[in-house]
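Only one structure is covered here, and it is reproduced in the block below.
Okay, here's the thing in structure tokens:
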């Protein structure tokens, strides 16, 4: 009687929720498909709000590569000295005022609590291809000190979270170089400062991260895009260059959105039905071509993050998951 009643109840439940009845079960014999989305710059407070809302809706966790000049105002820019540049110079500017900085800090701290990864995009967005290890150390010092003292510099030391300084000194694990431009001394400087990963490389297609002397390297992949399926780096700015030569073209925004979404879907499906190598996509806190690329990202994450065997994660989370995935896959292959 109990078993019959339970079966009837289960059948009724599935009838009321047909999506559950038809939802495929996760394939435990294969690794999860990881999707890793990051944002460079992390400055526009409106897009902080928008990205965090997207994450909450889809279950995604992002990596925010922060540029530290957005924690400085134009008024106090003379406190910043980039290697081989004039004091107070930044290629991306500074925050307009302390209110803007405080609003940004009010996104960074809760985003950390929500499981997002806060990484470094250096400070003034300069090309460091020819920088020495000492030059990089200078830039990393400015990043760390600026982040650590941000609440105080903005004039609200009483609002500084208790764990903020420990976060600034010890928790920033990842880095992406401005312009994806690296040099032979960058890795040495990253290790010296305690970074765990460098997300500045580009690969021919989705690729597993590699470990070099304790530093993990992530790469943005080339993905086929457009009618000719010509490869392009899976990043909004590169799509912006491809579609409109980096000139704003809002009139064709819908077309660019559909092309971008089709490219993301194809790159994802190739891995999801194949080797399940993590798919990495890069964005900026700028809505180029009328917001085409952010809209495509919203639609893409809404589709894929809820799929079985899919996890939309940050770089830090991927580093923790991938070794366990490799062990599980190896164990499953031995059983079979």
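In the numbering used here, the protein residues as written are 63 to 398. Built from N, CA and C at the ideal position, the CB exists for glycine as well.
Nearest CA to the CA of residue 153: which residue from 274, 142, 146, 186?
186
Segments of 3+ residues assigned as beta strand (DSSP E) that fall wholly inside the region 159–196
179–182
Sort 301, 369, 384 by Cα distance to residue 121 and report the nearest one.
The closest CA to that of residue 121, considering only 301, 369, 384, is found on 369.
Quick one: is the Cβ of residue 379 within less than 7 Å of any heavy atom of the ligand ATP?
No copy of the ligand ATP appears in this structure; indeed no ligand is present at all.
Reference residue 19; option with closest CA among 240, 158, 179, 104:
Only positions 63 to 398 of the chain appear in this structure, which leaves residue 19 out of reach.
For residue 263, write down the residues that DSSP places opposite it in a beta bridge.
281
Nearest CA to the CA of residue 258: which residue from 199, 279, 373?
279
What distance in whole Å lies between the Cβ atoms of residue 182 and residue 237, which are believed to be in contact at a cut-off of 8 Å?
5 Å
Cross-strand partners of residue 286 (DSSP beta bridge)
By DSSP's assignment, residue 286 forms a beta bridge with 293.
Would residue 328 and residue 286 be called neighbours here (beta carbons separated by less than 8 Å)?
Between residue 328 and residue 286, the gap from beta carbon to beta carbon is short of 8 Å.
Exposed or buried, what is residue 97 when buried is set at 16 or more other beta-carbons lying within 10 Å of its beta-carbon?
buried
Where residue 374 sits in the DSSP three-state scheme:
Looking at residue 374 - three-state DSSP - the assignment turns out to be strand.
From the DSSP output, in three-state form, read off residue 386 for me.
helix
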